[in-house]
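So the sequences go chain by chain: A and B. Taking my numbering, the leading residue of the first sequence gets 1, the next gets one more, and so forth. Taking my numbering, the leading residue of the second sequence gets 1001, the next gets one more, and so forth. The C-beta atom is built at its ideal place from N, Cα and C for all residues, glycine as well. Notes follow once the structure below has been shown.
Protein chains: 2
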Amino acid sequence: MRLAELSARSGVSTATIKFYLREGLLHPGRRVTATQADYDEGHLRRLRLVRALIQVGRIPVSSAREVIAALQDERMDLHQRLGTATWALPHGPEPDETDQATEAARRTADALMERLGWHRDNACDRPSAAPAYGMLVTAIAALSRLGYPCDVEHLEPYARAAERIAVSDLDLVERCGTPDEQVEAAVALTVLYEPVLLSLRRLAEAEESRRRFDGK
Amino acid sequence: MRLAELSARSGVSTATIKFYLREGLLHPGRRVTATQADYDEGHLRRLRLVRALIQVGRIPVSSAREVIAALQDERMDLHQRLGTATWALPHGPEPDETDQATEAARRTADALMERLGWHRDNACDRPSAAPAYGMLVTAIAALSRLGYPCDVEHLEPYARAAERIAVSDLDLVERCGTPDEQVEAAVALTVLYEPVLLSLRRLAEAEESRRRFDGK
DNA sequence: CTCGTTGGAGAGTGTCACTATCCTAAATAG
DNA sequence: CTATTTAGGATAGTGACACTCTCCAACGAG
């Protein structure tokens, strides 16, 4: 398959494919002559994944590169590769340590994880989800700065929902064949179910709001 | 309160506050002299909300302006204002109608909403969550293009979790005093709980991945 | 042989969220 | 009452990001 055909089959312009090749998001094709290269189904699949991560999952090109690299790193086991990939995902601004709301938020987050039996070290050492922990602290701090209650009791239902969702996610992952496919699936599902989840919540809120507030 | 004090109390630079004033995210202060203006607690509160929406909720300045405007629009009821605000939230690329995966995704989304008893018109007419519906379709299409199963059966647990979360959200909203406070709360909670939810899911996935895959 | 096409490289584009500079007028120190 | 600092407003500039355009030499179909 030539560049033009890869472009036609993926719906991505040749200019953008060249850009991804340059940025290392797509491995180079097999060089046929000095001015031609051959691409295969693997390239098509990878390209679709990259596109989905960037366009639907809204992750920056640089993060996508790191995520892709983690997927292929043979030196790590499944859990480590997934952790490294998750680590590379965008996660907003770091908590502002000069703010006392952050300190309180950190205590709330710790108490929540304690109650759920989640491992803090899971969240603090590589490879795992420390950025997600920072993201949680930042968000809790912002909410409490605005005066909204955001303590362990309020957060627990969200965390329980997250637990159930994670179980669904990994059930889906385990149904994939090889470990390589499983890591790819885990990353793709982590990223691409985020908009699914957010849009479902917004739709559910609209529904619930209609039920409670319509006409008020 | 002068600009400098507003800046000090909010932690936002005077340059940025001036920028927000220009962009209409913050109503002008009361003019004292030709070169001085006076700001009150309302400005501080608004500024904190804007900052949280932009930095934590990652919504663009232009969307934030629309959201803020919807909050204050006295012509609409609670449900309508919330719908208008939600409508202004970022929601990724529109579904690609030239793609047949989109068509299938739309059928899946419709079937899911049917099964949950959610109202499609709720999602399609203003004021409500049509962008969220488009976002859902786009994400489902991307997943199925990558070959991941994404039918009503797989989606239902996510939707059920979303329903429970929406109930928690609106319980919190109803605990706020005046209708004006309630709309603001609804928007703030919609936007600011998104990172909470996403980070909790990532943490839960890390936990579940450790349980299942560590060492594999 | 010729003329459109291909792959590669570098520069350019549009958007976004600020940020730096400038200017005038007002407050304040001496 | 002058001199110096500071405030507010307008305009232009910055840096990151995700492409997108332009150019060029080498293929290759007719």
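Residue i: contacting residues in chain B (beta-carbon distance under 7 Å)
i: A:V152; result: Result: empty, since nearest Cβ-Cβ is about 12 Å, beyond 7 Å.
Cβ of residue i within 9 Å of any chain A Cβ
i: B:S1007; result: no
i: B:E1207; result: yes
i: B:T1016; result: no
i: B:G1083; result: yes
i: B:E1097; result: no
i: B:R1106; result: no
i: B:D1077; result: yes
Residue-level contact to chain B via CB, residue i, 9 Å cutoff
i: A:Y20; result: no
i: A:A88; result: no
i: A:Y193; result: yes
i: A:A64; result: no
i: A:L26; result: no
Given residue i as reference, the closest of the options once Cα atoms are compared
i: B:L1089; options: B:R1212, B:L1203, B:A1186, B:E1205; result: B:A1186
i: A:L200; options: B:A1034, B:Q1100, B:A1109; result: B:A1109
i: B:D1096; options: B:L1112, B:L1136, B:L1078; result: B:L1136
i: B:D1099; options: B:A1142, B:L1082, B:T1033; result: B:A1142
i: A:L47; options: A:M76, A:G83, A:R9; result: A:R9
i: B:A1069; options: B:V1183, B:R1211, B:S1209, B:E1194; result: B:V1183
i: A:L116; options: A:H91, A:G147, A:V152; result: A:V152
i: A:E66; options: A:T86, A:T138, A:M76; result: A:T86
i: A:P60; options: A:M76, A:E74, A:G92; result: A:G92
i: B:E1205; options: A:T35, A:Y133, A:R210; result: A:Y133
Rounded separation between residue i and residue j - CA only
i: B:M1001; j: B:D1038; result: 5 Å
i: B:E1163; j: A:L3; result: 45 Å
i: B:A1101; j: A:R51; result: 15 Å
i: A:L146; j: B:L1044; result: 10 Å
i: B:P1215; j: A:W118; result: Checking the sequence, you will find Gly at residue 1215 of chain B rather than Pro. Their Cα atoms are separated by approximately 18 Å.
i: B:I1165; j: A:A166; result: 15 Å
i: A:P127; j: B:R1081; result: No answer about A:P127 holds up, because its pLDDT of 44 lies below 50 and its placement is not dependable.
i: B:E1005; j: B:E1041; result: 11 Å
i: A:D169; j: B:V1196; result: 18 Å
Where residue i sits in the DSSP three-state scheme
i: B:V1012; result: coil
i: B:R1002; result: coil
i: B:A1161; result: helix
i: B:T1138; result: helix
i: B:T1033; result: strand
i: B:D1151; result: coil
i: B:D1214; result: coil
i: B:L1096; result: Checking the displayed sequence, the identity of residue 1096 of chain B turns out to be Asp instead of Leu. If DSSP states are grouped into helix, strand and coil, B:D1096 belongs with coil.
i: A:D38; result: strand
i: A:H119; result: coil
i: B:L1026; result: coil
Beta-carbon neighbours of residue i, restricted to chain B and to distances below 9 Å
i: A:V67; result: Near A:V67 there are no residues of chain B at all, since even the closest Cβ is about 13 Å away, more than 9 Å.
i: A:D73; result: Here the premise fails: no neighbours, minimum Cβ distance about 15 Å.
Where residue i meets chain B, residues with beta-carbon distance less than 8 Å
i: A:Q55; result: G1092, P1093, A1142
i: A:D180; result: Chain B residues near A:D180: none, gap ~12 Å exceeds 8 Å.
Amino acids of chain A, ordered along the chain, whose beta-carbon sits closer than 8 Å to that of residue i
i: B:Y1158; result: I165, S168, Y193, V196, L197, L200
i: B:R1145; result: R48, A52
Closer than 9 Å at the beta carbon, the chain A residues around residue i
i: B:H1119; result: A206, E207, R210
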